[in-house]
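A short worksheet on the structure shown next.
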Amino acid sequence: MSNLSLYSDSKLTNRYQTTIPEMVRKALRLEKNDKIRYTINPNGSVVISRAEQEQENDPILAQFLTFLANDIAQNAKNVTSISSDLVDKILPLISDVEIDLNKALSDEDD
1440 MSNLSLYSDS KLTNRYQTTI PEMVRKALRL EKNDKIRYTI NPNGSVVISR AEQEQENDPI
1500 LAQFLTFLAN DIAQNAKNVT SISSDLVDKI LPLISDVEID LNKALSDEDD
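Residue numbers (my numbering): 1440 to 1549.
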């Protein structure tokens, strides 16, 4: 491995967010929605690395999903499809909403 150090800068937004520079993303093999880990060393330096993908277990969510599964199993007769009248009422409320989970955060607060 070479002793040559590369560096790249990035700017913090007003909300303390930043974009990971492309050469760093490539070096860490980062893809959208990957997690990164910051390791703070005793001397004050910080090392950024790719966090290992681990399945997140939310105990509250797990309990809620178990509750729902049990309730559906015990009360299957109460599970019905959504009515077309309700769909007709909901659609105008969400017609202008666009959701793109892969879209970068906006820098409009700069």
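The beta-carbon is built from N, C-alpha and C at its ideal position, and this holds for glycine as well.
Which of the three DSSP states is assigned to residue i in this structure?
{"i": "Val1536", "result": "coil"}
{"i": "Pro1460", "result": "coil"}
{"i": "Ile1521", "result": "coil"}
{"i": "Ala1508", "result": "helix"}
Kindly identify the DSSP beta-bridge partner or partners of residue i.
{"i": "Leu1478", "result": "In the sequence on display, residue 1478 carries Thr and not Leu. Val1486, per the DSSP bridge assignment."}
Between the beta-carbon of residue i and the beta-carbon of residue j, is there less than 7 Å?
{"i": "Ser1484", "j": "Met1462", "result": "no"}
{"i": "Leu1451", "j": "Thr1458", "result": "no"}
{"i": "Lys1471", "j": "Asn1514", "result": "no"}
{"i": "Pro1460", "j": "Ser1444", "result": "no"}
{"i": "Val1518", "j": "Ile1529", "result": "no"}
Original post:
Are there three or more Cβ pairs, one per stretch, closer than 8 Å when the segment 1470-1477 is compared with the segment 1487-1507?
Top reply: Result yes; three or more Cβ-Cβ pairs closer than 8 Å.
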